[in-house]
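Residue numbers (the numbering used here), protein chains in the order written: chain A, 2 to 337; chain B, 299 to 622.
I have placed the structure first, in the form of structure tokens, so that the comments after it can refer back to it.
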């Protein structure tokens with residue numbers, strides 16, 4: 002059986018998913034829904050999918066078994082619940098929700114309806130991050146003890162109605178950006194016991210947010226996570242990680258490891274770009290969606306079950322609480 | 299100008315001795331070292347006299363001394379020098395306990411001698427340039443800072459808490475804390491830290507992550523670790539990333555390198571060719587004596603940076619924020 006997918010939200014992430022789904026086997030995109038019909042049509046074209054501009058019409062027409070939620074974060078809960086209640090399997094962009102109540106509600110709906118629910122914690126599927134975890138698994142660096150990650154760039158000013166800049170809609174860098182690294186760290190290196198964080202964003206305004214987060218893992222390892230939207234517009238985005246173990250260490254910085262470096266004529270100043278292309282076999286968005294499709298078709302748990310995404314969200318929320326109160330937040334279990 | 303060195307326990311002593319000999323008009327008048335073998339060896343290497351007892355060196359006509367004993371030895375050496383009216387350059391960390399630091403500062407104050415702390419990063423050309431850029435408003439107002447000082451694990455007395463006063467947290471925090479005070483012009487007020495013996499199993503803290511608050515509202519983290527393994531291509535790694543209201547600046551103090559591959563011993567090394575911070579440091583010590591002015595960084599700078607590390611040790615125990 003071919004899994005028929007309705008893609009909801011044809012903005013930045015919807016476009017990325019639309020492209021990735023062209024390389025996913027066992028599935029077809031049959032509908033694309035976006036308030037902006039032009040955007041929906043441009044994502045739908047490659048798939049021969051139908052175009053919708055409101056969810057009512059989409060669900061009225063039917064003809065799909067799964068929904069890929071690529072909406073801004075604050076709309077995840079409503080969209081995921083509607084899909085699950087309608088009996089659809091759901092793949093939801095990260096973060097699953099803005100708070101534990103919303104996330105828990107989505108999880109319970111999936112359980113009640115017996116539907117697959119996976120979340121786009123895509124960094125787990127990035128080739129460099131996967132290969133690093135594999136090297137650690139091969140015991141190349143002994144036991145991981147000190148981990149540093151950074152994910153930094155300019156504020157995403159392209160968001161629809163500037164939703165990234167609204168704390169109540171995006172949660173700022175802790176739930177939107179650093180959650181990638183929280184998820185990677187807890188998935189690859191162990192659960193988090195204690196969190197201490199500071200950030201630049203205020204209660205309402207997430208523009209220029211920047212976070213510095215210390216994590217203590219239950220196994221005694223510790224981590225430093227840096228996430229930033231505080232770089233000036235036009236700055237090249239970059240991510241880095243460093244894992245130091247008892248017998249060796251790994252370090253990676255996307256800005257130092259990009260095979261294509263281009264100088265571009267652009268007025269007096271010029272511009273510079275970095276590219277690190279990945280082949281379709283390694284493309285992380287295709288990989289996470291392929292896993293989701295396979296998990297539905299094989300009736301198995303997905304690679305990133307929503308319960309895990311919720312655990313990662315807990316770290317983001319604990320960091321937000323710590324930044325607000327100025328005190329460390331103990332997650333659960335005995336601290337190291 | 300005649301300058302002596304007390305203690306060759308800290309390996310930086312050899313670098314300071316070389317620097318002293320490179321400054322015109324300065325004579326390395328002698329070294330005091332209790333270890334007879336090391337003392338005579340170093341005296342021969344630097345063509346100077348060896349004294350077993352530091353008081354004998356201090357009783358000669360030197361104007362200043364560089365103190366490179368183990369960390370716990372700083373207190374007595376500095377106070378003895380001050381009592382004899384000798385200016386002092388003391389290796390970092392300034393001291394290992396708040397009461398020792400207080401005694402050192404008050405002795406030097408009472409006897410009117412200069413007290414300088416060895417923070418060579420203040421004389422690193424890349425750091426100096428970054429400071430100038432920030433001062434000129436190149437990134438607007440500083441809002442937060444990420445600081446890293448990673449290195450390999452040292453040996454000998456560094457691993458003996460009774461002589462070092464602490465491991466990586468004390469050894470490395472002070473460099474970065476000092477730079478942050480210097481860049482922000484603000485005092486650290488509180489520290490939260492996670493630290494411990496994580497990597498090497500040598501019986502002393504080898505990793506630390508600090509969150510530091512400054513009184514002007516800036517917050518910062520310091521990664522103070524001896525976490526690097528033996529074949530890491532460079533020692534140390536130091537960088538600051540300053541997030542400002544109008545830009546972000548990262549300065550990597552030891553990035554001016556080339557890569558060297560030596561198949562015979564399997565080594566891949568990043569060979570540093572940048573400025574010599576130790577030379578700049580010693581030059582400032584000598585200039586301050588010649589010009590009859592206070593040195594920068596001074597003893598108070600050393601004491602404040604040490605206080606950040608000591609607060610980090612307390613926080614690692616309490617898992618709460620500790621006042622500096």
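Even for Gly, the Cβ is constructed at its ideal location relative to N, Cα and C.
The structure presented is a predicted model; accordingly, all values stated were derived computationally and were not measured.
Under the Cβ distance rule, residue 481/B does not count among the residues neighbouring chain A, no pair being separated by less than 8 Å.
Under DSSP, the beta-bridge partners assigned to residue 93/A are 70/A and 120/A. Runs of the alpha helix (DSSP H) spanning 4 or more residues and lying entirely within the region 394–450 of chain B occur at 396–409 and 423–433, in chain order. Just so you know, the alpha carbons of residue 443/B and residue 489/B end up roughly 14 Å apart. Annotation for residue 381/B: 405 and 409 place their beta carbon closer than 8 Å to its own, counting only its chain and skipping 5 residues before and after. Using a CB distance below 9 Å, the part of the region 220–253 of chain A facing chain B consists of 221, 222, 223, 224, 225, 227, 229, 231, 232, 233, 236, 243, 245, 246, 247, 248, 249 and 250, ordered along the chain. Secondary structure within the region 130–156 of chain A: the beta strand (DSSP E) runs of 3 or more consecutive residues, fully enclosed, are 145–155 (chain order). The Cβ of residue 157/A sits no closer than 8 Å to any Cβ of chain B. Within chain B, the C-beta atoms nearer than 8 Å to that of residue 211/A come from 441, 442 and 541, in chain order. Not flagged as an interface residue toward chain A: residue 451/B, since no C-beta distance is shorter than 8 Å. Looking from the CA of residue 162/A, the closest CA among 74/A, 133/A and 223/A belongs to 74/A. Residue 179/A and residue 225/A have their C-alpha atoms some 11 Å from each other.
Counting along the chain, residue 223/A sits inside no alpha helix (DSSP H); it lies in the beta strand (DSSP E) bounded by residues 223–232. Shown here, residue 360/B sits in coil according to DSSP, grouped into three states, outside any helix or strand. Residues of the region 504–521 of chain B with a C-beta atom less than 7 Å from some C-beta of chain A are 505, 507, 509, 517, 519 and 521, listed in chain order. Within a 10 Å sphere around the beta-carbon of residue 486/B sit 16 or more other beta-carbons, which makes this residue buried.
Within 10 angstroms of the beta-carbon of residue 250/A lie 16 or more other beta-carbons, which makes it buried. With a threshold of 16 other beta carbon atoms within 10 Å, residue 323/B falls short and is exposed. Across the structure, residue 142/A and residue 309/B are spaced so that their CA atoms are roughly 29 Å apart.
When CB distances to chain A are screened at a threshold of 9 Å, the residues of the region 468–501 of chain B falling below it are 488, 490, 491, 492, 493, 494, 496, 497, 498 and 499, in chain order. Shown here, residue 583/B sits in a helix according to DSSP, grouped into three states. Residue 86/A is bridged by DSSP to nothing; it lacks a bridge partner.
At the C-beta level, residue 8/A and residue 69/A come within 8 Å of one another. Interface flag for residue 523/B against chain A is set, since a Cβ pair is found closer than 8 Å. Here the C-alpha atom of residue 332/B lies approximately 39 Å from the C-alpha atom of residue 509/B.
Judged by beta-carbon spacing, residue 569/B lies within the 8 Å limit of residue 558/B, meaning their Cβ atoms are closer than that value. Within the DSSP secondary-structure output, residue 273/A pairs in a beta bridge with 264/A. A distance below 8 Å between beta-carbons, with the five flanking residues on each side excluded, links residue 260/A to the following residues of its chain, in chain order: 276, 277 and 278. Residue 419/B sits close to residue 575/B, with the two beta carbons spaced by under 8 Å. Closer than 7 Å at the C-beta level to chain A, one finds no residue of the region 397–413 of chain B. In the structure shown, the three-state DSSP call for residue 159/A is coil. Residue pairing of residue 507/B in beta bridges, as defined by DSSP: 492/B and 521/B.
Between residue 546/B and chain A, the shortest Cβ-Cβ separation is below 8 Å. Rounded to whole angstroms, the gap between the alpha carbons of residue 269/A and residue 436/B is 20 Å. Inside the region 315–348 of chain B, DSSP marks whole alpha helix (DSSP H) runs of 4 or more residues at positions 334–343, from first to last along the chain. Partner residues in the beta bridge of residue 550/B, as assigned by DSSP, are 537/B.
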